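Here is the structure we will look at.
Residue numbers (the numbering used here), protein chains in the order written: chain A, 1 to 649; chain B, 650 to 743; chain C, 744 to 942.
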């Protein structure tokens, strides 16, 4: 029985935990039974699990991201509930550690990353007039590796115990001395596997954007979201290998007793912090740049004007991409590296505010004299500007090294980064989802419910995080599971909890909106429901498999607007056979083997590790010898589809 | 047989052996640390450039701008990462 | 897939061009991967030695020198293989590739010898922060070369079976990029780990 002991649940006993295990089991069984009953297994396998279509992969990313949003959101509400009143006993210290760790990892790696990659998958090929990404099969593999990583991480909750050293996973806390159970092993392998997937996405999208743009679309004529995707993927390619190596060293430390991050035999615990943030700071910009891209599209569409300062937008993103690699030490100003090092990184950090500020002014000037329509996506964008500016300004406060000694590891910091991530990334993704919803599914989401959700989320956000600035300045440390009444943090923490509840209501309303609109929304929204400007709106809603029946011919970043208003001839050619890649189950099987590999490694099941490793090699050899030339969609078929949509474009 | 050994590649190979020999001088001769490190940095980066241009044909396709930009960006970020880490983890304490 | 007869075979289709560009971008990521290892090495060579041996106590010039010459030569021969491929001399191309892989195998055997030597000197993965990053850096490079050996064998088999076509030419060219890149990384390891350590 010794063998099975290692899988036993966590280092603490809690009825809630067993309740969740039962709930997970019931939901899993319900899904299997449901699929079998409605005979949907074939549909699921053929149309989704084996797909290489960038649009479907994008949608799968977004569905996974939403699931993870609710998982991480549940963690968040639990944390706020625990700290709502002084000396609360809802969670114990160990459980609280696990909850804030999984909240951070799930939200950053498995929610935000998946959301932005999902958006890029869906939008970028359409915006550049391509039929798919450069390497469709690799794209499917990216998704499934991400999914395998996400599932592995979530499995830690019920098998073996969750990681408990924070999402930053600092050593020596994350070492075996202080975190004995397998939680941090899960952290290492889940991030490793999904990180490999992300790196592949980065390579894939750079190649796609560099090589597959429609004729006439020069680099400086790309829509802004595509620019942001290009820069983001550049950062991904150069940042993620650092994480790969850091995680490998962490794995060696925990599982092979090396001394990378220990405090003896020449190990340096702060080297982990150094490497983590060399990846971690660019990661912040990986998240925010696509959000900037989405806001640029939305603000220009609903101000009914072209984007102000296109070139300065591009230039500022290029500058941000370089600077993002030069600021990482500001995450540990208090380490003791001396005034010179701190000053240098303080200055580079403040310098990033300049290109970001330029972008803010560009959005404001786009709205200036524009005819603004306050649709839900636009409301999120308008709310983003002041809220994000507050987050940016508190960021500059934190960037001052000497002052940072006061803020370091307080709730002030927590308030700051939620203040940039939620209005920055989360608002952008919700806005983008609503904006592109008709493109994905062919109907609109209800605006009235959408606005209710918006107000809940914005007010909830302000209530939840602004009090933390105050308690942080008053000295409340982050990651503390409770506090005494005499600290006086009680009332503001209660306000924060109420804010968290409002946020939760807002997100539930978004899901309800999907259900409501699916049932009641009209299906005849046409191809251009928002009076949009860029190329992705020049095809049908929902988008046919081949994207564009005729390859478009582009002459500006607002090709569709030119087509509508200035008589630009967008589709010059005639319909021809279209070459498309074949579906394949290879990706999901490969990623499944990776999952087994990671799981066995977490628990030191070496036989399983070796078998899975051989499986991985086998999959690569199979792929090397495989001959797959794709297939053609015939002209007649395309003409028929186009007729159904009401005439070829 | 001759056409299998183009001059460009043979010269590149001889040149890279030569660079290796120059680098070896830091082992056999007594010199200051700064001098030795300078020799190593210069020979290593020239060696890398030779491989890149002569053997890897980095500049032959129409994507050469993307390829060079990508590689130079990577090298710049890599050097800055190394120097910044040394600053934070070693030099900052002296 | 359109075909442009002015270009070498490995660039001849759009997919091929994309594969080559994609692989270059991957090599950019590899630069950062090795840069991370070097970053850690440079910090630990200074502060991470602990009670274990320093580099100058365990490095031996002779095996390292032989390894360097083997890898430099293999980089030359894979370059010749690509040249032979371009003038359509398939047999010569395969021959050069086999020489390359043999040289690579020689390199790996010497590296194994080197690791055993370190083990006897008391420099194992667990000894200190310095030995851990030394062996991890060398090991990462060695693992890349080992993977390259198997990859090269796959490509030789495919070229023998299917002859030289757009697909196999493309694969061979990309393999040559990978192999040259490993040589470049070795030059940096040779210069900044071994020579700097023995200086």
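A virtual CB, placed ideally from N, CA and C, is assigned to each residue, including glycine.
Source: prediction; values computed, not measured.
In DSSP terms, what residue i is bridged to
i: residue 580/A; result: 631/A
Within chain C, partners of residue i - CB distance below 8 Å
i: residue 211/A; result: 757, 760, 761, 764
i: residue 683/B; result: Chain C residues near residue 683/B: none, gap ~11 Å exceeds 8 Å.
i: residue 621/A; result: 897
Chain-ordered neighbours of residue i on chain A, where CB pairs are closer than 7 Å
i: residue 840/C; result: Result: empty, since nearest Cβ-Cβ is about 15 Å, beyond 7 Å.
i: residue 734/B; result: 274
i: residue 871/C; result: 259, 265, 266
i: residue 775/C; result: 238, 241, 242
Residue i in three-state terms, based on DSSP
i: residue 866/C; result: coil
i: residue 174/A; result: coil
i: residue 375/A; result: coil
i: residue 747/C; result: Note that residue 747/C scores 49 on pLDDT, short of 50, meaning its location in the model is unreliable and no value can be drawn from it.
i: residue 410/A; result: strand
i: residue 477/A; result: strand
i: residue 40/A; result: coil
i: residue 636/A; result: helix
i: residue 180/A; result: coil
i: residue 530/A; result: coil
i: residue 550/A; result: coil
i: residue 367/A; result: helix
i: residue 444/A; result: coil
i: residue 648/A; result: Reliability of the predicted coordinates at residue 648/A is poor, the pLDDT of 49 falling under 50, and no value is obtained from them.
i: residue 71/A; result: helix
i: residue 604/A; result: coil
i: residue 717/B; result: helix
i: residue 84/A; result: coil
i: residue 724/B; result: helix
i: residue 119/A; result: helix
i: residue 785/C; result: helix
i: residue 148/A; result: helix
i: residue 472/A; result: helix
i: residue 585/A; result: coil
Listed by chain order, chain A residues near residue i by CB distance under 8 Å
i: residue 742/B; result: 336, 337, 338
i: residue 730/B; result: 242, 278, 325
i: residue 868/C; result: 252, 256, 258
Whole-Å CB distance - residue i paired with residue j, under 8 Å assumed
i: residue 313/A; j: residue 359/A; result: 6 Å
i: residue 454/A; j: residue 499/A; result: Not a contact, Cβ separation roughly 15 Å.
i: residue 395/A; j: residue 420/A; result: 7 Å
i: residue 230/A; j: residue 206/A; result: 7 Å
i: residue 247/A; j: residue 191/A; result: 6 Å
i: residue 272/A; j: residue 171/A; result: 5 Å
i: residue 305/A; j: residue 258/A; result: About 58 Å separates the two Cβ atoms, so there is no contact after all.
i: residue 425/A; j: residue 112/A; result: 5 Å
i: residue 130/A; j: residue 208/A; result: 7 Å
Residue i: contacting residues in chain C (beta-carbon distance under 9 Å)
i: residue 121/A; result: Simply none; closest approach about 17 Å.
7 Å Cβ cut-off: residues of chain C touching residue i
i: residue 237/A; result: 768, 771, 772
i: residue 675/B; result: 938, 942
i: residue 666/B; result: 815
i: residue 624/A; result: 897
i: residue 134/A; result: 761, 765
Partners in chain F for residue i, counting only beta-carbon separations shorter than 7 Å
i: residue 165/A; result: Absent from the structure: chain F. Protein chains present are A, B and C.
Cross-chain neighbours of residue i in chain B, by beta carbon under 7 Å
i: residue 341/A; result: 736, 737, 741
Interface residues of chain B facing residue i [CB-CB closer than 9 Å]
i: residue 918/C; result: Within chain B, no residue comes near residue 918/C; the closest Cβ sits about 12 Å away, beyond 9 Å.
i: residue 284/A; result: Correct list: empty, because the minimum Cβ distance to chain B is about 16 Å.
Chain-ordered neighbours of residue i on chain B, where CB pairs are closer than 8 Å
i: residue 876/C; result: Chain B residues near residue 876/C: none, gap ~12 Å exceeds 8 Å.
Original post:
Residues in the region 698-727 of chain B with C-beta within 9 Å of chain A's C-beta atoms, listed in sequence order?
Top reply: Those residues of the region 698-727 of chain B that come within reach of chain A (Cβ to Cβ, closer than 9 Å) are 712, 715, 719, 722, 723, 725, 726, 727.
Subject >> Interfacial residues, the region 254-275 of chain A to chain C, with Cβ spacing under 9 Å >> reply: Flagged, chain order: 256, 257, 258, 259, 260, 261, 262, 264, 265, 266, 267, 268, 271, 274, 275.
Original post:
Taking a cut of 9 Å between CB atoms, which residues from the region 203-229 of chain A lie near chain C?
Top reply: Only 203, 204, 206, 207, 208, 210, 211, 212 from the region 203-229 of chain A bring a Cβ to less than 9 Å from some Cβ of chain C.
Subject >> Residues of the region 780-798 of chain C whose Cβ lies closer than 9 Å to any Cβ of chain A, in chain order >> reply: Under the 9 Å Cβ criterion, the region 780-798 of chain C contributes 780, 782, 783, 786, 787, 790, 791, 792, 793, 794, 795.
Subject >> Interface residues of the region 807-818 of chain C facing chain A [CB-CB below 8 Å] >> reply: Against chain A - using a Cβ distance shorter than 8 Å - the region 807-818 of chain C contributes no residues.
Subject >> Within 9 Å of chain A by C-beta, residues of the region 886-899 of chain C in sequence order >> reply: Cβ contacts with chain A come from 893, 894, 897, 898.
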